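What follows is one structure encoded as structure tokens, with my remarks underneath.
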Amino acid sequence: MPEGNELHRWAKMQTEAFGGKKVRVEGPNGRFADAVLLDGRVLREVMAVGKHIGYDFGKDRKLHVHMGLYGDFTEGTGPAPEMRGALRLRISTKSDWLELRGPTDCSVWTDEQWEALKARLGPDPLNDDDPERGFQAILAKKTTSIGALLMDQTVFSGIGNIYRAEFLFRARVSPFRAGAQMTREELKAIWKDALKLMPEGMVDRRIVTTKPPDRPHSKGPALDEEVNYVYRRKGKPCFVCGTKIEMKVMAGRNLFWCPTCQAA
905 MPEGNELHRW AKMQTEAFGG KKVRVEGPNG RFADAVLLDG RVLREVMAVG
955 KHIGYDFGKD RKLHVHMGLY GDFTEGTGPA PEMRGALRLR ISTKSDWLEL
1005 RGPTDCSVWT DEQWEALKAR LGPDPLNDDD PERGFQAILA KKTTSIGALL
1055 MDQTVFSGIG NIYRAEFLFR ARVSPFRAGA QMTREELKAI WKDALKLMPE
1105 GMVDRRIVTT KPPDRPHSKG PALDEEVNYV YRRKGKPCFV CGTKIEMKVM
1155 AGRNLFWCPT CQAA
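In our numbering, the protein residues as written are 905 to 1168.
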């Protein structure tokens, strides 16, 4: 599933390509019948909040997209290519086009629905939100683990499975610790880490969380196998202490952690 950094990158690029322009909106083969409600309108801007993207067409009409596990965009310049495959949505002008495949949701919303979504979601590091509401939600949870809470989009939005594992490792926090056992200082450190790492992930499309001194190859760009401390490294030695990384399912996704660096 794309994490918040990728959603914000898409929103920025698509605003640059289509913002303020009259666009063609198509839903081929009936896969998005409401495209007719947006076709020929001016797309004001593209916004991201958490793992959701909103396309503002004005006059109480917004296109809502949730990528889910398999959603992805294809983008290009010049004339749009022939439509192929399970294409849900195409937005185009004479100079630019984008295609959407595999989203969980692609539907026309009202402004009220969009604002209600924003109200339900927790603070988003990439929108420079105030994190206090998220801190309070975590500290109030006497039994729910911090590893599960970081995947709850009503606590913090935009943080997915990679960032969940990596933020906790970098903070040396056990993913099994109850939210109420977290200190405010630890939560502030995680938020500060998110403010640094998530914008960096928007730029290079790789989520790199390791520090050069901790990598096997400390010079030059991180190799693909050393971009993360624990994510997808089950059974491999921790870059910091050498303990084998462990994995279990938490909040419906595979969780990775170092049992030594993140001792309970």
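C-beta: ideal position from N, C-alpha, C; glycine also. All of these numbers come straight from a predicted model, not from anything done at the bench.
- Only buried fits G1026, as 16 or more other CB atoms lie within 10 angstroms of its CB.
- Scanning V1134, K1115, Y1133 for the CA closest to the CA of P1125 turns up K1115.
- Restricting attention to T1014, Y1133, P1035, K963, the CA atom closest to the CA of A1069 is found in Y1133.
- When Cβ pairs closer than 8 angstroms are counted between the two stretches, the segment 1022-1042 is seen not to touch the segment 997-1007, the count staying below three.
- For K925, DSSP records a beta bridge to L947.
- Annotation for F977: no alpha helix (DSSP H) segment contains it, though the beta strand (DSSP E) segment containing it runs 976-981.
- Ranked by how close their Cα comes to the Cα of W1095, the residues R1119, S1061, A1023 have S1061 in first place.
- G954 sits away from D1056, with the two beta carbons spaced by 8 angstroms or more.
- With a minimum length of 4 residues, the unbroken runs of alpha helix (DSSP H) contained wholly in the segment 1080-1138 fall at 1088-1108.
- Scanning V1153, C1010, V1012, R1037 for the CA closest to the CA of A1023 turns up R1037.
- Judged by DSSP secondary structure, L1002 falls within the beta strand (DSSP E) whose first and last residues are 1000-1005.
- D1015: member of the alpha helix (DSSP H) spanning 1015-1024, first to last residue.
- Listed as beta-bridge partners of I957 by DSSP are A952, V969.
- Cβ-Cβ distances below 8 angstroms link Q1166 to L1072, F1073, R1076, V1077, S1078, P1079 in the same chain, with the five nearest sequence neighbours on each side left out; the list follows chain order.
- Out of N933, D960, H956, the CA that lies nearest to the CA of R945 is found in D960.
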